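K.L.:
Chains as they are written, first to last, in my numbering: chain A, 1 to 265; chain B, 1 to 316.
Note that CB positions come from ideal geometry on N, CA and C, so glycine has one too.
In this text the structure is predicted, and so the values were computed from the model without any measurement.
Sending over a structure as structure tokens; questions will come in a sec.
Here it is, written out as structure tokens:
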């Protein structure tokens with residue numbers, strides 16, 4: 001009897017269901033590319049033009065880079081952060097409130113696969129934006145990643161981190177205000193104060209020390225190191241903080257799906 | 001487990017914010033059976049289906065599908081169930097074909113097979129012409145058909161439908177009935193909830209009557225009528241009435257304006273007694289009719305109210 005039960009309940013691993021949901025997530029943002037992919041790339045281009053051609057020439061070099069080159073990794077990661085967060089936050093929140101998440105919840109996907117597919121879609125959008133923005137950097141300011149592998153690892157960690165945050169926000173939110181609140185009041189201020197537009201070496205105390213308690217400081221410096229080869233803190237310290245945090249938040253998302261937090265009654 | 005029933009629920013309980021929506025329900029649906037859960041809105045039907053399909057977590061009790069626990073073995077169980085929910089919940093940006101293809105993908109169909117299956121179902125449900133359009137272009141009836149097509153995309157052994165004909169016109173209702181009968185004839189177990197008495201009577205081999213989170217009777221509609229059923233005497237007065245002569249209060253009287261319905265076991269034998277009581281009052285009778293018992297009478301007899309919640313005007 002026990003053997004029969006084991007046979008009946010054993011599921012040969014088949015990723016088809018998870019890949020179907022991943023494709024659905026990618027389909028959503030690719031269909032709306034004018035709203036999802038184009039704006040962050042346009043924004044980065046405008047920053048490059050404004051700081052490169054007008055204001056940038058008035059500001060001295062930092063660590064041997066022109067001002068526009070110095071801020072470019074931060075501009076790139078701002079687009080990546082916002083989009084990897086927004087993709088899953090929007091998609092999951094709408095699916096939850098309009099209740100078509102029931103299609104997924106009544107499917108044979110495991111809760112881990114459900115989360116991975118949602119977050120995979122967000123990470124893909126973030127990766128695409130990083131590639132498109134980097135291409136702008138190559139053509140407009142002659143900047144290529146100093147450490148391509150570290151660049152890839154950084155983008156993976158950052159997209160995982162912010163897609164997980166987007167998932168948490170979508171589960172917790174009870175209105176669109178809630179979904180956007182985290183971006184408007186946490187991510188954007190911390191990003192601007194994390195050194196996108198300056199090196200913390202330029203700050204007086206106590207702001208210099210305070211910046212080290214801002215998690216976005218490590219995000220910006222990880223990507224700055226991978227693109228420029230220079231940053232305010234060692235790469236290993238930045239990635240050593242980011243990657244475990246991203247994995248921890250991902251695990252939390254899976255746990256919340258497993259217990260049905262705000263998706264099951 | 002080949003000998004296990006399609007669905008077996010034992011002492012199932014679920015409470016929402018202090019209100020017990022499901023209060024110790026037990027039922028068994030055999031493989032290949034057409035089974036109905038009949039009850040008013042808020043009786044606990046959708047919650048029970050939600051527990052079976054993974055949308056609701058039970059508080060206690062057992063819920064097995066094909067011998068497997070719906071929570072412990074959820075991946076295997078869900079692969080073998082198709083659900084058509086009550087609400088018309090769709091991703092409004094997907095085309096009709098995409099809705100079915102992604103659904104097929106969730107259940108393990110590769111893209112080629114999912115497209116083929118979507119094509120078959122669109123044809124079968126008369127939606128082929130709309131395949132490239134989004135949900136917004138569909139009428140309510142078309143959406144209802146698409147919901148059922150979606151539940152069938154992976155050819156499940158059990159199909160669970162929550163109020164499948166709620167809000168559809170009579171013609172579509174009969175079309176859907178015939179689709180469900182055909183599915184059942186081919187061997188699919190069908191479990192549906194409904195608050196349409198005639199639907200349960202027309203389709204289901206067995207019916208469980210559910211009220212206030214409890215099952216009050218389970219049997220075939222014919223047996224329920226034979227055991228519990230009372231026929232009815234309907235009297236129409238010239239003027240509206242607001243009370244029932246005391247001798248008639250024991251017959252689950254129901255007042256609707258000028259009409260009084262009395263639920264009695266054998267209306268033919270009770271008509272004389274009824275007329276004698278009414279003639280002793282000063283009311284003018286316009287019309288009197290009798291009918292044999294149906295499932296609605298059984299429902300009223302067992303629950304003390306109609307399926308749309310209207311209370312009987314006397315002791316039941």
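With which residues is residue 290 of chain B paired in a DSSP beta bridge?
P.N.:
B:233
K.L.:
Taking 8 Å as the CB-CB limit, is residue 7 of chain A close to chain B?
P.N.:
Only weak support is given to the placement of residue 7 of chain A: the predicted model assigns it a pLDDT of 43, under 50, and the value that follows is read from those uncertain coordinates. So no, residue 7 of chain A is outside the interface.
K.L.:
Return the chain-ordered list of same chain residues with a C-beta closer than 6 Å to the C-beta of residue 113 of chain A, the five sequence neighbours on each side being excluded.
P.N.:
18
K.L.:
Anything in chain B within Cβ reach of residue 106 of chain A, meaning under 8 Å, just list it in chain order.
P.N.:
53, 54, 55, 78, 81 and 83
K.L.:
Can you give me, in chain order, the residues of the stretch 159–172 of chain A that have a beta carbon less than 8 Å from any beta carbon in chain B?
P.N.:
none
K.L.:
Taking buried to mean at least 16 other C-beta atoms within 10 Å of its own C-beta, is residue 189 of chain A buried or exposed?
P.N.:
exposed
K.L.:
Once you ignore the five residues that flank residue 80 of chain A on each side, which residues in its own chain have a CB closer than 7 Å to its CB?
P.N.:
126, 129, 130, 155, 158 and 159
K.L.:
Flag residue 28 of chain B as yes if its beta-carbon sits less than 8 Å from any beta-carbon of chain A, otherwise no.
P.N.:
no
K.L.:
Please classify residue 4 of chain A: does DSSP put it in a helix, a strand, or coil?
P.N.:
Annotation note: pLDDT 42 at residue 4 of chain A (below 50); position unreliable, no value reported.
K.L.:
Beta strand (DSSP E) containing residue 283 of chain A: first to last residue?
P.N.:
Because chain A here runs from 1 to 265, residue 283 of chain A falls outside it and cannot be looked at.
K.L.:
Beta-carbon separation of residue 170 of chain A and residue 224 of chain A under 8 Å?
P.N.:
no
K.L.:
Can you confirm whether residue 16 of chain A, when its beta carbon is compared against all beta carbons of chain B, has any partner nearer than 8 Å?
P.N.:
yes
K.L.:
So, does the CB of residue 25 of chain A fall closer than 8 Å to a CB anywhere in chain B?
P.N.:
no
K.L.:
Do residue 166 of chain A and residue 88 of chain A have their C-beta atoms closer together than 8 Å?
P.N.:
yes
K.L.:
Rounded to a whole number of angstroms, what is the C-alpha to C-alpha distance between residue 254 of chain B and residue 262 of chain B?
P.N.:
7 Å
K.L.:
Could you tell me which uninterrupted alpha helix (DSSP H) segments, each at least 4 residues in length, are contained entirely in the stretch 255–300 of chain B, listed from first to last along the chain?
P.N.:
267–279
K.L.:
What residues in its chain sit with their C-beta under 6 Å from that of residue 284 of chain B, if we drop five residues either side in the sequence?
P.N.:
238
K.L.:
Using the three-state DSSP reduction, which class does residue 305 of chain B fall into: helix, strand or coil?
P.N.:
strand
K.L.:
Please compile the residues from chain B whose C-beta is within a distance smaller than 7 Å of the C-beta of residue 20 of chain A.
P.N.:
Per Cβ cutoff of 7 Å: 102, 105 and 106.
K.L.:
Can you tell which of B:15, B:80, B:272 and B:128 has the C-alpha that lies nearest to the C-alpha of residue 154 of chain B?
P.N.:
B:80
K.L.:
Which of helix, strand or coil does DSSP assign to residue 217 of chain B?
P.N.:
strand
K.L.:
Say whether the stretch 255–264 of chain A touches the stretch 27–44 of chain B, bearing in mind that this needs 3 or more beta-carbon pairs closer than 8 Å, one atom from each stretch.
P.N.:
Too few Cβ pairs lie closer than 8 Å, so no.
K.L.:
To which residues of the same chain is residue 329 of chain B closer than 6 Å at the C-beta, ignoring the five residues directly before and after it?
P.N.:
Chain B is shown from 1 up to 316; residue 329 of chain B falls before or after that span and cannot be answered.
K.L.:
Please confirm if the stretch 198–214 of chain B is in contact with the stretch 241–256 of chain B, defined as three or more CB-CB distances below 8 Å between the two stretches.
P.N.:
Proximity of the stretch 198–214 of chain B to the stretch 241–256 of chain B falls short of the contact definition, fewer than three beta-carbon pairs being nearer than 8 Å.
K.L.:
Under DSSP, the alpha helix (DSSP H) around residue 276 of chain A begins and ends at which residues?
P.N.:
Since the first and last residues shown for chain A are 1 and 265, residue 276 of chain A lies out of range.
K.L.:
Roughly how many angstroms separate the alpha carbons of residue 135 of chain A and residue 51 of chain A, rounded to a whole number?
P.N.:
18 Å
K.L.:
Tell me the rounded alpha-carbon separation between residue 304 of chain B and residue 296 of chain B.
P.N.:
Residue 296 of chain B has its alpha-carbon roughly 11 Å from the corresponding atom of residue 304 of chain B.
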